[in-house]
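Reading through the structure tokens given below for one structure.
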Amino acid sequence: GDSVTQMEGPVTLSEEAFLTINCTYTATGYPSLFWYVQYPGEGLQLLLKATKADDKGSNKGFEATYRKETTSFHLEKGSVQVSDSAVYFCALSDFRNDYKLSFGAGTTVTVRA
Amino acid sequence: GAVVSQHPSRVICKSGTSVKIECRSLDFQATTMFWYRQFPKQSLMLMATSNEGSKATYEQGVEKDKFLINHASLTLSTLTVTSAHPEDSSFYICSARRTGGTGELFFGEGSRLTVL
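Here the protein sequences come in this chain order: A and B. If you count the first sequence from 1, position 53 lands on 54 in the numbering used here, and the numbers rise without skipping. If you count the second sequence from 1, position 106 lands on 123 in the numbering used here, and the numbers rise without skipping.
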């Protein structure tokens, strides 16, 4: 079945550092790909998404490009802030599976001032 | 728009009691809602798919009689943890798909259940 593998954490960075969280997927079709963010004590929020190959999702300085050839959707941000400290989840969904989301294990990111 | 609210956000109960968690879509109609469970430092595990007006579809390994799901209207789904035990302590999150939408899911804030 469809699955997502993302980089294990935790990741600790200094403010203004560059952040990359790797995410690769396995799918039989052409899924939509997502990054969700979970701030401490809160539910998940959609950070960005891409629905087809070569699409780039972006939001709040974060970017991820849907790479079909490498089955990847790596999350990047050029200069992180303390407020970016959160757990980040890569996920995919496919209409063949009734749009159910399959999540990666999550990566905890801590940004120090 | 597209706000999903869960209630309660935190609940503590005694072992053997039942707890109901509500998931509401506040400004849209949701034919389908999903219930997830999240263990500490782990990803979300899909428990069941809740469809308005019909029985929920449970994922493999999830006890139907333990986790009762009711989706009585287009804006409300409830999860009842029956005869709760300490191992049921977890973070429960719901998500809702807007009726007629693109398939995007909107998540509630989550409900932290602690069973003593």
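By construction, the Cβ of each residue, glycine as well, lies at the ideal position given by its N, Cα and C atoms.
Residue i versus residue j - alpha carbon distance
i: ASN68 of chain B; j: THR74 of chain B; result: 8 Å
i: LYS31 of chain B; j: GLN55 of chain B; result: 20 Å
i: ASP85 of chain A; j: GLU9 of chain A; result: 17 Å
i: CYS111 of chain B; j: ALA47 of chain B; result: 12 Å
i: LYS50 of chain A; j: GLY58 of chain A; result: 5 Å
i: ARG41 of chain B; j: SER106 of chain B; result: 22 Å
i: LEU48 of chain A; j: TYR37 of chain A; result: 5 Å
i: ASP44 of chain B; j: TYR31 of chain A; result: 30 Å
i: GLU64 of chain A; j: GLU17 of chain A; result: 16 Å
i: TYR53 of chain B; j: GLY125 of chain B; result: 11 Å
i: VAL12 of chain A; j: SER60 of chain B; result: 16 Å
For residue i, the three-state DSSP class (helix, strand or coil)
i: GLU104 of chain B; result: helix
i: PHE19 of chain A; result: coil
i: SER26 of chain B; result: coil
i: SER86 of chain A; result: coil
i: PHE63 of chain A; result: strand
i: PHE84 of chain B; result: strand
i: PHE96 of chain A; result: helix
i: GLY79 of chain A; result: coil
i: LEU133 of chain B; result: coil
i: GLU39 of chain B; result: strand
i: ALA1 of chain A; result: Because chain A here runs from 2 to 114, residue 1 of chain A falls outside it and cannot be looked at.
i: THR92 of chain B; result: coil
i: THR13 of chain A; result: strand
C-beta atoms of residue i and residue j nearer than 9 Å
i: TYR26 of chain A; j: PHE104 of chain A; result: no
i: LYS58 of chain B; j: THR109 of chain A; result: yes
i: SER35 of chain B; j: SER128 of chain B; result: no
i: VAL21 of chain B; j: PHE123 of chain B; result: yes
i: VAL132 of chain B; j: ILE29 of chain B; result: yes
i: LEU96 of chain B; j: MET64 of chain B; result: yes
i: SER49 of chain B; j: ALA113 of chain B; result: For the sequence presented, residue 49 of chain B should be read as Thr rather than Ser. Taking 9 Å as the Cβ cut-off, THR49 of chain B and ALA113 of chain B qualify as a contacting pair.
Buried versus exposed, by CB contacts within 10 Å (16 or more), residue i
i: ILE22 of chain A; result: buried
i: GLY42 of chain A; result: exposed
i: ASP95 of chain A; result: buried
i: SER94 of chain B; result: buried
i: THR71 of chain A; result: exposed
i: GLY70 of chain B; result: exposed
i: VAL83 of chain A; result: exposed
i: HIS102 of chain B; result: exposed
Residue i Cβ short of 8 Å to the ligand COA heavy atom set
i: LEU43 of chain B; result: Of ligands this structure carries none, so the ligand COA is not represented either.
Query - Proximal residues, the region 77 to 109 of chain A versus chain B, C-beta separation under 9 Å - result: VAL88, PHE90, ALA92, SER94, PHE96, ASP99, TYR100, LYS101, LEU102, SER103, PHE104, GLY105, ALA106, GLY107, THR109
Report task. Closer than 9 Å, Cβ to Cβ, to anything on chain B: give me those residues from the region 32 to 57 of chain A, in chain order. Result -> SER33, PHE35, TYR37, GLN39, GLY42, GLU43, GLY44, LEU45, GLN46, LEU47, LYS50, THR52
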